[in-house]
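S.K.:
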Amino acid sequence: MSSIAILGLALLASTAQAHVTANPPKLPADSYGSTAFRIGHGCSGSPTVGLTIQIPEGVTSAKGRQLAGWTVSTTSRAVDATTNVTTAVTWTAQQDSTNATAPLGLVEGVYQDFDLYFKTPALSDATKTIYFPTTQICANMSQPWTDIPVAGQPEPAHPAPALNLTAKDTAGASGASAAPQTVASTLALIAPLVLTTSVFAL
Ligand SMILES: *[C@@H]1O[C@H](CO)[C@@H](O)[C@H](O)[C@H]1NC(C)=O
Ligand SMILES: *[C@@H]1O[C@H](CO)[C@@H](O)[C@H](O)[C@H]1NC(C)=O
Ligand SMILES: *[C@@H]1O[C@H](CO)[C@@H](O)[C@H](O)[C@H]1NC(C)=O
Ligand SMILES: *[C@@H]1O[C@H](CO)[C@@H](O)[C@H](O)[C@H]1NC(C)=O
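Mature numbering (1 follows the signal peptide of the UniProt record, and there is no 0) puts the sequence shown at residues -18 to -1, 1 to 184.
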């Protein structure tokens, strides 16, 4: 089957079953990258006004993308005295300040991609597929997408979005055990994001 046909089926399936999916669904292991969690529906007609994505173990440096009309917040956990790790990222819809009767959040008939930037864990049998348990908050209810599929069992009704890890892109580096990221190169990757965030915060 062509990948376009597969994509078409996947879109149909996600429309029919209203699943939350990661786009792209694959990223290289042990690397910085981003994927977008797509919400294309409300909860039985009730608009989506929030989204919380839990960051799985092994995923670090997670940051939510600043989106017009949404506030991004994070929760974190202390790993040790000098390091916090982000455990969840939440987007909350803002009321249109120019129109108090405008609908809040994502109404039916449109979709939004909630982008997450992060560092993926190293590839292992346990991390080939990682899951981001997600809670979709609608105006009148919450819809958890937190079920982890079990091999050989039918797909759960409300699966957590999945991301597959592929081999790390090792341009010249040796083997799967990649060299640790230097502080300088990590800062170089993060600096533009921090800058972007501060510009939006002004
Ligand atoms: C929420 O609102 C939608 C659309 O108005 C409605 O279909 C649905 O039954 C409501 N759900 C609850 C739990 O009130
Ligand atoms: C970790 O998070 C707590 C609470 O937000 C904060 O007070 C503390 O300074 C953070 N520590 C580091 C090392 O970022
Ligand atoms: C405010 O939003 C409502 C609901 O969408 C719309 O009918 C109305 O025209 C909007 N008013 C203005 C001034 O944009
Ligand atoms: C992700 O990996 C699982 C398990 O190997 C596989 O069933 C699924 O088709 C993969 N998804 C993608 C998008 O590659």
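Glycine included, C-beta positions come from ideal geometry on N, C-alpha and C.
Bear in mind the structure is a predicted one, so any value in this text is a computation, not a measurement.
In terms of alpha-carbon separation, which member of Thr80, Ala60, Leu147, Pro138 lies closest to Ala108?
M.R.: Leu147
S.K.: Residues around ligand 4, please: the ones whose beta-carbon is closer than 6 Å to some heavy atom of it, in chain order.
M.R.: Pro7, Lys8, Thr111, Asn146
S.K.: With a 10 Å radius around its C-beta and 16 neighbouring C-beta atoms as the bar for buried, classify Val61 as buried or exposed.
M.R.: exposed
S.K.: For a test of the three-state rule: what should DSSP assign to Ala108, helix, strand or coil?
M.R.: helix
S.K.: Should Ser26 be listed as close to ligand 1, given that the test is whether its C-beta is under 7 Å from any heavy atom?
M.R.: yes
S.K.: Report the residue from Trp127, Pro141, Pro126 whose alpha carbon sits nearest the alpha carbon of Ala133.
M.R.: Pro141
S.K.: Taking the CB atoms as reference points, tell me whether Arg47 and Tyr93 lie closer together than 8 Å.
M.R.: For Arg47 and Tyr93, no; Cβs fall outside 8 Å.
S.K.: Between Ala11 and Ala104, how many whole angstroms is the CB-CB distance? I'm expecting something under 8 Å.
M.R.: 6 Å
S.K.: From this set, Val89, Ile119, Thr102, which residue's C-alpha is nearest Lys110's C-alpha?
M.R.: Thr102
S.K.: Beta carbon of Pro85: closer than 7 Å to some heavy atom of ligand 3?
M.R.: At least one heavy atom of ligand 3 is nearer than 7 Å to the Cβ of Pro85, so yes.
S.K.: Taking only heavy atoms of ligand 2 into account, decide whether any of them is closer than 7 Å to the Cβ of Ser58.
M.R.: yes
S.K.: Give the secondary structure of Ser26 by DSSP, where H, G and I count as helix, E and B as strand, and everything else as coil.
M.R.: Ser26: coil per DSSP, three-state reduction.
S.K.: Hey, is Thr68 close to ligand 2, as in C-beta under 7 Å from one of its heavy atoms?
M.R.: No, the beta carbon of Thr68 sits no closer than 7 Å to any heavy atom of ligand 2.
S.K.: So, is Ala75 buried or exposed, given that buried needs 16 or more other C-beta atoms within 10 angstroms?
M.R.: buried
S.K.: What ranges does the beta strand (DSSP E) occupy inside the segment 31 to 94, keeping only unbroken runs of at least 3 residues that lie completely in it?
M.R.: Complete beta strand (DSSP E) runs here, min 3: 42 to 46, 52 to 62, 65 to 75.
S.K.: Could you compute how far the alpha carbon of Thr64 sits from the alpha carbon of Thr57?
M.R.: 16 Å
S.K.: Could you tell me whether any non-hydrogen atom of ligand 3 is closer than 7 Å to the CB of Asn81?
M.R.: Asn81: yes, Cβ under 7 Å from ligand 3.
S.K.: Can you list, in chain order, the residues of its chain with a C-beta nearer than 7 Å to that of Trp52? Leave out the 5 residues immediately preceding and following it.
M.R.: Trp73, Thr74, Ala75, Gln76
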